[in-house]
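Here the sequence shown stands for residues -13 to 212, where the numbers follow my numbering.
Backbone N, C-alpha and C fix where the C-beta goes; we use that ideal spot for every residue, glycine too.
Treat the numbers as computed from the prediction; the structure is a model and nothing was measured.
Read the structure below first, then the notes.
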Amino acid sequence: SIYKGKRVKILNPVFINTEKGPVIIDDEVKIEPFVYIKGPVYIGKKSLIKANSSIYGPVSFQYYCKIGGEVSSSIFLSFSNKQHYGFIGDSYVGSFVNLGAGTTTSNLKNNYSVVKVRIGRKEIETGKIFIGSFIGDYVRTGIGTNLNTGTVIGIGSQIIGRKGEKYIPPFIFEKGKYFEYEIEKEFATIKVMKKRRGVEFWDEERRILLKIFKETKDERKNFIKE
-13 SIYKGKRVKI LNPVFINTEK GPVIIDDEVK IEPFVYIKGP VYIGKKSLIK ANSSIYGPVS
47 FQYYCKIGGE VSSSIFLSFS NKQHYGFIGD SYVGSFVNLG AGTTTSNLKN NYSVVKVRIG
107 RKEIETGKIF IGSFIGDYVR TGIGTNLNTG TVIGIGSQII GRKGEKYIPP FIFEKGKYFE
167 YEIEKEFATI KVMKKRRGVE FWDEERRILL KIFKETKDER KNFIKE
């Protein structure tokens, strides 16, 4: 089944396949031409699906996402953008994430073995052979970023994905090599990101992010040394 909310704009040709599950298109969504959507899929309010995109469910885009390229078996939280070519599969993407053009996840190892996910120094066996990336809130990736199978990127990091690390702590800035992101610069960037979407950067969130920054300082220090 196809469920459409109010003021939805679909610019044909768009092909929607509901053989495997429903497609729910919430209020004020715009879908540009030459898009293929295979359910189950939820497209949140005010989201944009750009021309020539391919979406293979199960997929959920929350409020005000902008999506292009290919997405499969993934969740995008509100205000996150993947506007250009590239593949995101079997992944979880937080809020206010911006994925640069060509950002691509690997979601299957070449030897078809079970994917292990690293968090800090701890490695977790997932029991799954299809695992993409776990991308925290406010992460930004540069153009052409390639992410290994099972990559974890901590909140607020900015990376270009040249070194292939599977775990990147919160508040890391990559520019040739890794640095600790200056927290006040990060706050300034977040404020700009939110203002563009008409959202306020609340003091409560600022305090939470500062707490995370302080608690992960040693983690960043060890990561940068490596």
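Problem set entry | Nearest to residue 245 (by Cα), restricted to the options 37, 107, 128 | Here the chain covers residues -13 to 212 and nothing more, so residue 245 does not appear.
For this session: At 3 residues or longer, and completely inside the region 10 to 69: list those beta strand (DSSP E) runs for me, N to C.
Result: 21 to 24, 27 to 29, 40 to 42, 45 to 47, 56 to 58
For this session: Can you tell me the Cβ-Cβ gap for residue 122 and residue 140, rounded? I've got them flagged as a contact below 8 Å.
Result: 5 Å
Exercise. Do residue 3 and residue 16 have their C-beta atoms closer together than 8 Å?
Worked result: no
For this session: Closer than 6 Å by C-beta to residue 130: which residues in its own chain qualify, once you throw out the five before and the five after it? Chain order, please.
Result: 88
Problem set entry | For residue 120, the nearest candidate out of 28, 152, 146 (CA to CA) | 152
For this session: Starting from residue 79, follow its DSSP beta bridges and name the residues at the other end.
Result: 62, 121
For this session: Can you say whether residue 12 is buried or exposed, counting buried as having 16 or more other CB atoms within 10 angstroms of its CB?
Result: buried
Exercise. Smallest Cα separation from residue 183: which of 6, 5, -9, 33?
Worked result: 33
Exercise. Out of 6, 204, 8, 90, which has the shortest C-alpha to C-alpha gap to residue 156?
Worked result: 204
For this session: Return the Cβ separation of residue 26 and residue 7 in integer angstroms, given the expectation that the two are a contact with Cβ distance under 8 Å.
Result: 3 Å
For this session: Just tell me which of 173, 192, 199, 158 has its CA closest to the CA of residue 210.
Result: 158
Exercise. Just to confirm, are residue 62 and residue 79 a CB contact at a threshold of 8 Å?
Worked result: yes
Exercise. What three-state label does DSSP hand residue 97 in the structure shown?
Worked result: coil
Exercise. Short check: CB of residue 240 to CB of residue -12, under 8 Å?
Worked result: Since the first residue shown for the chain is -13 and the last is 212, residue 240 is missing from the structure and cannot be characterised.
For this session: Taking only the alpha-carbon atoms, compute the straight-line gap between residue 117 and residue 103 and give it to the nearest angstrom.
Result: 9 Å
For this session: Just tell me which of 149, 195, 107, -8 has its CA closest to the CA of residue 168.
Result: 195
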